[in-house]
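Colleague: Take this structure first; my questions come after.
2 protein chains.
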Amino acid sequence: MDAHESSFEEAPTLDQARRQIRHYGLDSDPQAVLVAVRLMAAGARLGQASEVHFSRFGLSTGRYRLLADLEDSEGEKSPSLLAASLGVSRATVTGLIDSLERDGLVLRRPSARDGRASVVVLTARGAQKLRDLAPDHFRRLQAMVAGLSVEERTVFLDLLSRVTRGIGALTER
Amino acid sequence: MDAHESSFEEAPTLDQARRQIRHYGLDSDPQAVLVAVRLMAAGARLGQASEVHFSRFGLSTGRYRLLADLEDSEGEKSPSLLAASLGVSRATVTGLIDSLERDGLVLRRPSARDGRASVVVLTARGAQKLRDLAPDHFRRLQAMVAGLSVEERTVFLDLLSRVTRGIGALTER
DNA sequence: TCCATATAGTTAGGTTCCTAATTACAAGCC
DNA sequence: GGCTTGTAATTAGGAACCTAACTATATGGA
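These protein sequence lines map, in sequence, to chains A and B. For the first sequence, position 70 matches number 106 in the working numbering, and the numbering has no gaps at all. For the second sequence, position 61 matches number 97 in the working numbering, and the numbering has no gaps at all.
As structure tokens, this is what we get:
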């Protein structure tokens with residue numbers, strides 16, 4: 037434990053945003069900037085916490101998501117489709133499958149229809165792994181958002197998806 | 037462009053969450069789970085977009101944050117304090133400083149008071165780099181959250197910080 | 001004063017993701 | 001039918017983090 041050694045961190049502050057914007061003589065809205073920066077910080081922290089969480093079960097976030105996605109697809113799916121639905125590159129999926137296959141949680145079969153393709157199949161052990169971690173996993177997810185009421189969660193989902201749609205503003209042009 | 041080749045993705049769905057929870061015979065709230073999962077997905081996407089964004093200026097997210105933090109501290113700060121305020125490990129800060137120093141954006145000075153410590157100083161070139169990217173950077177951040185009204189952003193900040201406080205639920209015990 | 005313990009910074013090695021290039025097969029067009 | 005172009009999966013190499021172990025200096029008792 038080194039990087040997140042304290043619980044503090046209302047890390048980037050509205051005042052900091054204000055100061056920066058003024059310093060550069062810009063007319064941006066400090067609050068808007070703060071929203072963006074806080075969301076980035078939250079995302080980074082959550083990503084790290086997620087890795088810690090899944091490492092308890094010998095998985096990583098990516099490997100868990102792949103298993104869960106497979107389960108959701110009746111236990112089989114091609115690497116390409118997995119990459120698309122997980123939102124990662126096909127190269128990354130190759131690596132995830134490699135390690136899951138080593139652990140016996142999935143296996144690769146050549147596709148019957150397409151000589152280039154293969155099919156990733158969830159093994160009994162993979163399905164069991166998902167069953168084993170489900171109670172703890174879902175309990176923790178729920179605990180994480182327990183600070184919000186049902187109505188607040190609805191609002192949050194709406195606002196989050198609208199900010200998410202704006203992420204393209206960072207990369208475009 | 038491979039991983040985020042489409043604009044789709046209201047990726048994890050309430051129905052998916054419901055199905056999973058039912059499948060494992062749990063009594064978790066699907067909506068709560070959805071909030072957690074969506075936030076993780078948003079964080080990951082935002083993190084990647086952020087790297088793309090800063091790479092336009094020859095920086096990474098981490099290197100930019102270090103520079104901005106330095107600027108906010110009158111241009112100098114120790115590696116340890118930088119690590120603490122950036123929320124990354126000291127080893128990571130060492131690497132960030134190495135590359136920033138190579139580019140002439142910061143420099144290392146031994147601390148006068150503490151023989152173990154050093155002080156990282158923002159160079160004129162580092163300060164110039166920040167000035168150069170500020171207009172585009174803040175414009176994009178603002179564009180990202182432009183889909184929310186001022187009131188909505190206030191609500192979002194509140195809800196986000198409350199969820200952020202719950203992140204510990206993933207790692208504790 | 002001396003020694004145990006703590007802290008600052010770095011190094012070594014591992015993880016997760018990425019892009020670009022490679023190999024194999026598929027499919028449309030002349 | 002043969003050729004070009006497209007797609008599936010992998011490989012190779014890189015970037016950004018991490019933890020653990022190391023070196024050097026500081027500090028606070030006995």
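Think of the CB as a built atom: it goes at the ideal place given N, C-alpha and C, for glycine as much as any other residue. All values derive from a computational prediction rather than experimental measurement.
Consult DSSP for S147(B) and reduce its assignment to one of helix, strand or coil.
Modeller: Note: S147(B) maps to coil in three-state DSSP.
Colleague: What are the start and end residues of the alpha helix (DSSP H) that includes L132(B)?
Modeller: Run containing L132(B): R126 to R138, per the alpha helix (DSSP H) assignment.
Colleague: Hey, is G94(A)'s beta-carbon within less than 8 angstroms of any beta-carbon in chain B?
Modeller: It does not: the Cβ of G94(A) has no partner Cβ on chain B nearer than 8 angstroms.
Colleague: What residues in its chain sit with their C-beta under 7 angstroms from that of S43(B), if we drop five residues either side in the sequence?
Modeller: For S43(B), the predicted structure reports a pLDDT of 41, less than 50, and the residue's modelled location is therefore unreliable. A value from the coordinates is still provided. If we look at S43(B) and ignore the five residues flanking it on each side, it has no Cβ neighbours.
Colleague: Helix, strand or coil for V181(B), going by three-state DSSP, please let me know.
Modeller: DSSP places V181(B) in coil when its eight states are reduced to three.
Colleague: Run through chain A and tell me which residues come within less than 7 angstroms of I57(B), C-beta to C-beta.
Modeller: Within chain A, the residues near I57(B) are F174.
Colleague: Secondary structure at S86(A), three-state DSSP: helix, strand or coil?
Modeller: In the structure shown, S86(A) sits in a helix (DSSP, three-state: H, G or I).
Colleague: Buried or exposed: D65(A), going by 16 or more other Cβ atoms within 10 Å of its Cβ?
Modeller: Buried, since its Cβ has 16 or more Cβ neighbours within 10 Å.
Colleague: Quick one, which of R92(B), L75(B), R55(B) and Q52(B) has its alpha-carbon nearest E208(A)'s?
Modeller: Nearest option by C-alpha distance: R92(B).
Colleague: Is the beta carbon of L103(B) closer than 8 angstroms to that of L136(B)?
Modeller: Against a cut-off of 8 angstroms, the Cβ pair of L103(B) and L136(B) comes out as a contact.
Colleague: Checking 8 angstroms against the spacing of the C-beta atoms, do E112(B) and L158(B) come in under that value?
Modeller: Yes, they are a contact pair.
Colleague: Closer than 8 angstroms is the cut-off here; do at least three beta carbon pairs connect the stretch 181-189 of chain B with the stretch 177-186 of chain A?
Modeller: Contact between the stretch 181-189 of chain B and the stretch 177-186 of chain A is absent, because fewer than three Cβ pairs lie under 8 angstroms.
Colleague: Quick one: is T200(B) buried, meaning 16 or more other Cβ sit within 10 Å of its Cβ, or exposed?
Modeller: When all chains shown are included, T200(B) counts as buried.
Colleague: Would you verify that the beta carbon of G79(B) is, or is not, closer than 8 angstroms to some beta carbon of chain A?
Modeller: Closer than 8 angstroms: yes.
Colleague: Let me confirm a value: A153(A) is counted as buried when at least 16 other C-beta atoms fall within 10 Å, else exposed. Which label applies?
Modeller: With fewer than 16 other Cβ atoms within 10 Å, it is exposed.
Colleague: Contact criterion: CB-CB distance below 8 angstroms. Does V199(A) meet it with respect to chain B?
Modeller: Interface residue, yes.
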